[in-house]
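Residue numbers (the working numbering): 110 to 246.
Working notes, structure below.
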């Protein structure tokens, strides 16, 4: 019997064990103890730079998932993003001052378009540089 292949990302796009469902779990597998600085216990919102606790942080799709929505009798289609950690980012949740995830909604902005194409480790290093320089996005 041939050996089983090692477990991998369900989307074959990263080294993490991403699953088709479980957006928050996929992100926390990759960054269990903080983002961008591992071990910090806090997660920096990729929109405003606010440092959230794990409970305050919401995981957002940079490229929104594929689904149909009906808003004011108009059916729209989302962009087709996946639950892979390469497409996920931490944003402020409802229990934070800026509520960035609610403000963003289903939009795809320029930083999301660029960020979705970058390796997660590179994105994290970029966020550390911005944090050190005290630059707010």
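From the three backbone atoms N, C-alpha and C, an ideal C-beta is built for every residue, glycine too.
Classify residue 211: buried if its beta carbon has 16 or more other beta carbons within 10 angstroms, exposed otherwise. The residue given as residue 211 occupies position 102 in the chain shown. Classified as exposed, residue 211 has fewer than 16 neighbouring CB atoms from the shown chains inside 10 Å of its CB.
Quick check: the Cα distance between residue 123 and residue 206, rounded to an integer number of angstroms? By 1-based counting over the chain shown, the position of residue 123 is 14. By 1-based counting over the chain shown, the position of residue 206 is 97. The C-alpha of residue 206 is placed about 33 Å away from the C-alpha of residue 123.
Helix, strand or coil, according to DSSP, for residue 126 in the structure here? Walking along the chain shown from the start, residue 126 turns up at place 17. Here residue 126 sits in coil by DSSP.
Who pairs with residue 201 in a beta bridge, going by DSSP? In the chain shown, the residue the question calls residue 201 occupies position 92. Answer is 166.
Using a Cβ-Cβ cut-off of 6 Å (strictly less than) and excluding sequence neighbours within five positions of residue 169, which residues of its own chain qualify? Mapped onto the chain shown, residue 169 falls at position 60. Excluding positions up to five away in sequence, the list reads 198, 200 and 210.
Alpha carbon to alpha carbon, how far is residue 147 from residue 141? Give it in angstroms, no decimals. Here residue 141 is taken as the residue at index 32 of the chain shown, counted from 1. Here residue 147 is taken as the residue at index 38 of the chain shown, counted from 1. For residue 141 and residue 147, the gap between their C-alpha atoms comes out near 8 Å.
Nearest-angstrom Cα distance between residue 152 and residue 203? Taking the chain shown and counting its residues from 1, one reaches residue 152 at position 43. Taking the chain shown and counting its residues from 1, one reaches residue 203 at position 94. So the two alpha carbons sit approximately 15 Å from each other.
Please report how far the alpha carbon of residue 161 lies from the alpha carbon of residue 143, in whole angstroms. Counted from its first residue, the chain shown places residue 161 at position 52. Counted from its first residue, the chain shown places residue 143 at position 34. In a straight line, the C-alpha of residue 161 is about 9 Å away from that of residue 143.
How many Å lie between residue 156 and residue 127 at the Cα? Numbered from 1 along the chain shown, position 47 holds the residue referred to as residue 156. Numbered from 1 along the chain shown, position 18 holds the residue referred to as residue 127. Taking the straight line joining both Cα atoms gives about 24 Å.
Pull up the distance between the alpha-carbon of residue 150 and that of residue 134, whole angstroms please. Numbered from its first residue, the chain shown carries residue 150 at position 41. Numbered from its first residue, the chain shown carries residue 134 at position 25. Spanning the two alpha carbons is a distance of roughly 16 Å.
Going by DSSP in three states, residue 186 sits in which element: helix, strand or coil? Start at 1 with the first residue of the chain shown, and residue 186 comes out as number 77. For residue 186, the pLDDT reaches just 46, beneath the cut-off of 50, and the residue's location in the model is therefore unreliable, although a value from the coordinates is still provided. It is a strand residue.
Please say whether residue 192 and residue 171 have beta carbons closer to each other than 7 Å? Here residue 171 is taken as the residue at index 62 of the chain shown, counted from 1. Here residue 192 is taken as the residue at index 83 of the chain shown, counted from 1. Taking 7 Å as the Cβ cut-off, residue 171 and residue 192 do not qualify as a contacting pair.
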